[in-house]
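Note that our numbering has the sequence shown beginning at 1254, numbered continuously upward.
Cβ atoms here follow ideal geometry from the backbone N, Cα and C, with glycine treated the same way.
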Amino acid sequence: MALKFLKQNEIVDANRMNPLPAEVVGEIETRAVAPLIPHTYFIPNTGITDPNNILVTHADILQSSAAEQPTLAGTGKYRALVVFVAVDAVDTYHYRIFARATNSNGDPLIPTGGWASVKQGSYTPPTGATAPVHFRIDIGLTTPSEAYYDQYRIIVVRHGSGSPNAYAKVIGVR
């Protein structure tokens, strides 16, 4: 039985020639995005089997192991961040996102450390997947409490051993 609707005082079948009418309700909302890290190459830490074991001192996606150095700064104006990751080895990858607020001078509110773990998780490719492996990490898109921090430290690690080539891109969504 075909779907029917009223068109010009006549009942017609919905099809390509007579598509269902659509009415825009409210304002169309557009979101601006900004490439915060357009492209970076990194080699993930390896042999970490649990995201809880990822420390702020592990190398981030910019290859920095300096615990006080953020991967991203000045991010308080974004309602969400999206990290796109591509790796040339099929394996499970874990990630942990640390964040902190800063004062008006850009210094962390707590001078030493002050990082809060706001998100962590794992990505396991489907059975039979081949390299490269692609996944994304959404920060603040579905959980607003992860967003609006001034600084983030983004760490991605490999469950197994070896040194795969990994690439990342980070965008901010306003």
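Would residue i pass as a contact of residue j if the rule is Cβ separation under 7 Å?
i, j, result
"I1408", "R1349", "yes"
"I1424", "V1340", "no"
"L1325", "L1289", "yes"
"Y1401", "A1352", "no"
"Q1404", "P1323", "yes"
"L1362", "A1354", "yes"
"V1309", "A1320", "yes"
"I1314", "T1299", "no"
Apply the 10 Å Cβ neighbour rule to residue i and answer buried if 16 or more other Cβ atoms are within range, or exposed otherwise.
i, result
"P1330", "Rather than Pro, the amino acid found at residue 1330 in this sequence is Lys. The residue in question, K1330, is exposed, as its Cβ has fewer than 16 Cβ neighbours within 10 Å."
"P1297", "buried"
"R1427", "exposed"
"A1421", "buried"
"Y1346", "buried"
"A1419", "buried"
"R1269", "exposed"
Helix, strand or coil: how does DSSP classify residue i here?
i, result
"N1305", "helix"
"E1263", "strand"
"P1397", "helix"
"V1277", "coil"
"I1296", "coil"
"Y1331", "coil"
"S1375", "strand"
With a CB to CB cut of under 6 Å and the five nearest residues on each side skipped, what residues in its chain are close to residue i?
i, result
"V1386", "V1340, V1343, P1378"
"S1416", "I1296"
"G1413", "D1344"
"I1264", "K1257"
"Y1376", "Y1346, F1388"
The ligand COA and residue i: does the residue's C-beta get closer than 6 Å to at least one heavy atom of that ligand?
i, result
"A1339", "No copy of the ligand COA appears in this structure; indeed no ligand is present at all."
Under 8 Å Cβ to Cβ from residue i, same chain only, skipping five residues before and after it: list those, please.
i, result
"R1284", "V1426, R1427"
"R1332", "G1393, P1397, A1400, Y1401, V1426, R1427"
With residue i and residue j assumed to form a contact (beta carbons below 8 Å), what rounded beta-carbon distance in angstroms separates them?
i, j, result
"V1371", "I1301", "18 Å between Cβ atoms; not a contact."
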